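Visitor:
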Amino acid sequence: MGTKVYTTPEDAVADIADGASIAVGGFGLCGIPDALIWALADSDVGNLEIFSNNCGIDAHGLGILLDTHRVRRVTASYVGENKEFARQYLAGELEVELTPQGTLAERLRAGGVGIPAFFTPAGVGSPVADGGLPWKFNSDGSVAIGSPPKEVRVFGGTRYVLEHGITSDFALVHALQGDSAGNLVFDKTAMNFNPLAAMAGRVTVAQVEQLVPTGTLDPAQVHLPGVFVQRIVETGPQRTRIEKRTVTTAKEATR
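FYI, in our numbering the residues of the sequence shown are 22 to 276.
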């Protein structure tokens, strides 16, 4: 059995090809696999399908891939702070499937553990279940592709909508620590979507701030077992950018 440890982020993503589907961890800029995204941006790969809570911000995180038009389709819970994401979507350059945040999380988890579909009350009675959400616009603003209606059933007097699990060709995630067997430990809220994305990927690539020998991590402290991780690369401490900086004046602070 070969090693899971890769020397560089570039080596770890070298076989991601045009048209690949990729689940990406992170929430905003917190816990994003930035080194792996940069490595992917430095390649010629394109026409990607992305599953991620959002697409970072302009010129950072997944925004880098959007800026260079490498992404064909995104499944996310919100457009967020990325102006280019919104522009491409509204201009008909990008297909976007918006889904409730909790539903997205469960779709990733379900796909990762082999559950093909599940019922949830989230979205019942809205276009999420009834269909008609714009997935892609024409350049004139009309809807080119709308979401289809989903199956709705009643359990115990409550209506639930059928959602399908997500699996992807690859997953890119960030962790605080990892060992050479792929066991991962996440740092507080930087955990966010990372374990779920890792579970959904057929080939999961983890960048870790610190790589330690197998057996070093306390099994009780491991957040994600190595069975879900196929590749791991040490990238050193991550400097998280602040999405929105709020400054309080000295006068305001004394009130």
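The C-beta atom is built at its ideal place from N, Cα and C for all residues, glycine as well.
Predicted model, so just to flag it, every value in this text is computed and none were measured.
Check whether the Cβ atoms of Ala192 and Ala150 lie closer than 8 Å to each other.
Guide: Within the sequence shown, numbered from 1, the residue matching residue 192 stands at position 171. Within the sequence shown, numbered from 1, the residue matching residue 150 stands at position 129. No, the Cβ-Cβ distance between Ala192 and Ala150 is not below 8 Å.
Visitor: Assuming contact is defined by CB atoms lying nearer than 8 Å, are Val233 and Gln259 in contact in what I supplied?
Guide: Start at 1 with the first residue of the sequence shown, and residue 233 comes out as number 212. Start at 1 with the first residue of the sequence shown, and residue 259 comes out as number 238. Their beta carbons are not under 8 Å apart, which means Val233 does not touch Gln259 by this criterion.
Visitor: Beta-carbon within less than 6 Å of Tyr110's beta-carbon, same chain only, minus the 5 sequence neighbours each way: which residues are those?
Guide: For the purposes of this step, residue 110 is taken as the residue at position 89 of the sequence shown. These residues qualify, in order along the chain: Val117.
Visitor: How big is the Cα-Cα spacing for Arg266 and Ile78?
Guide: In the sequence shown, the residue the question calls residue 266 occupies position 245. In the sequence shown, the residue the question calls residue 78 occupies position 57. Going by the C-alpha atoms only, they are around 14 Å apart.
Visitor: Taking the alpha helix (DSSP H) that Ala118 falls in, what are its first and last residues?
Guide: What you label residue 118 is simply residue 97 of the sequence shown in a count that begins at 1. Just to set this straight, residue 118 is Glu in the shown sequence, not Ala. Looking at the DSSP string, Glu118 is not in any alpha helix (DSSP H); the run it does join, the beta strand (DSSP E), is 116-119.
Visitor: Count the CB pairs spanning the region 67-78 and the region 235-255 that are closer than 8 Å, and state whether there are at least three.
Guide: no
Visitor: Buried or exposed: which applies to His195, given that a residue is buried once 16 or more other Cβ atoms fall within 10 Å of its Cβ?
Guide: Indexing the sequence shown from 1 puts residue 195 at position 174. Classification for His195: buried.
Visitor: Skipping 5 residues on each side, what residues in its chain have a beta carbon closer than 8 Å to that of Glu264?
Guide: The residue you call residue 264 lines up with position 243 of the sequence shown. These residues qualify, in order along the chain: Gly49, Leu50, Ile78, Glu102.
Visitor: Asp200 bridges to which residues according to DSSP?
Guide: For the purposes of this step, residue 200 is taken as residue 179 along the sequence shown, with counting starting at 1. Val233.
Visitor: May I ask you to list the residues that DSSP assigns as paired with Cys76?
Guide: Position 55 of the sequence shown, counting from 1, holds the residue named residue 76. Answer is none; Cys76 lacks a bridge partner.
Visitor: What number of angstroms, rounded off, separates the C-alpha of Leu154 from the C-alpha of Ser163?
Guide: In the sequence shown, counting from the first residue as 1, residue 154 sits at position 133. In the sequence shown, counting from the first residue as 1, residue 163 sits at position 142. Rounded to the nearest whole angstrom, the CA to CA distance from Leu154 to Ser163 is 12 Å.
Visitor: Which whole-angstrom value describes the C-beta separation of Ala62 and Gly132, a residue pair presumed to lie in contact below a C-beta threshold of 8 Å?
Guide: Translated into positions along the sequence shown, residue 62 becomes position 41. Translated into positions along the sequence shown, residue 132 becomes position 111. That belief does not hold up - the Cβ atoms of Ala62 and Gly132 are roughly 26 Å apart, past 8 Å.
Visitor: Which same chain residues end up closer than 8 Å to Ala138 when comparing Cβ atoms and leaving out the 5 residues on each side of it in sequence?
Guide: Residue numbering aside, residue 138 sits at position 117 when the sequence shown is read from its first letter. Only Ala131, Leu183, Glu184, His185, Gly186 meet the Cβ criterion.
Visitor: What's the gap between the Cα of Pro30 and the Cα of Leu125?
Guide: Residue mapping note: residue 30 aligns to position 9 of the sequence shown, counting from 1. Residue mapping note: residue 125 aligns to position 104 of the sequence shown, counting from 1. One C-alpha to the other measures close to 27 Å.
Visitor: Look up Tyr110 in the DSSP assignment and say whether it is helix, strand or coil.
Guide: Counting from 1 along the sequence shown, the entry for residue 110 is found at position 89. Tyr110: helix per DSSP, three-state reduction.
Visitor: Taking the straight line between their C-alpha atoms, what separation do you get for Ala143 and Tyr181?
Guide: Along the sequence shown, one-based indexing puts residue 143 at 122. Along the sequence shown, one-based indexing puts residue 181 at 160. Computed Cα separation, rounded: 8 Å.
Visitor: Does the beta-carbon distance from Leu86 to Ile58 come in below 8 Å?
Guide: The residue you call residue 86 lines up with position 65 of the sequence shown. The residue you call residue 58 lines up with position 37 of the sequence shown. Going by C-beta atoms, Leu86 is nearer than 8 Å to Ile58.
Visitor: Here's the rule: buried if 16 or more other CB atoms are within 10 angstroms of the residue's CB, otherwise exposed. What is Val175?
Guide: Numbered from its first residue, the sequence shown carries residue 175 at position 154. Label assigned to Val175: exposed.
Visitor: Which residue's Cα is closest to the Cα of Arg223: Thr188, Asp208, Lys209?
Guide: Residue mapping note: residue 223 aligns to position 202 of the sequence shown, counting from 1. Comparing Cα-Cα distances from Arg223 to each of Thr188, Asp208, Lys209, the minimum goes to Thr188.
Visitor: Given a cut-off of 8 Å, decide if Met212 and Gly52 are closer than it, judged by their beta-carbon atoms.
Guide: Along the sequence shown, read from residue 1 onward, the residue named residue 52 stands at position 31. Along the sequence shown, read from residue 1 onward, the residue named residue 212 stands at position 191. In this structure, the beta-carbon distance from Gly52 to Met212 falls below 8 Å.
Visitor: Return the residue from the list Val145, Leu129, Leu119, Val229 that minimises the CA-CA distance to Trp156.
Guide: Indexing the sequence shown from 1 puts residue 156 at position 135. It is Leu119.
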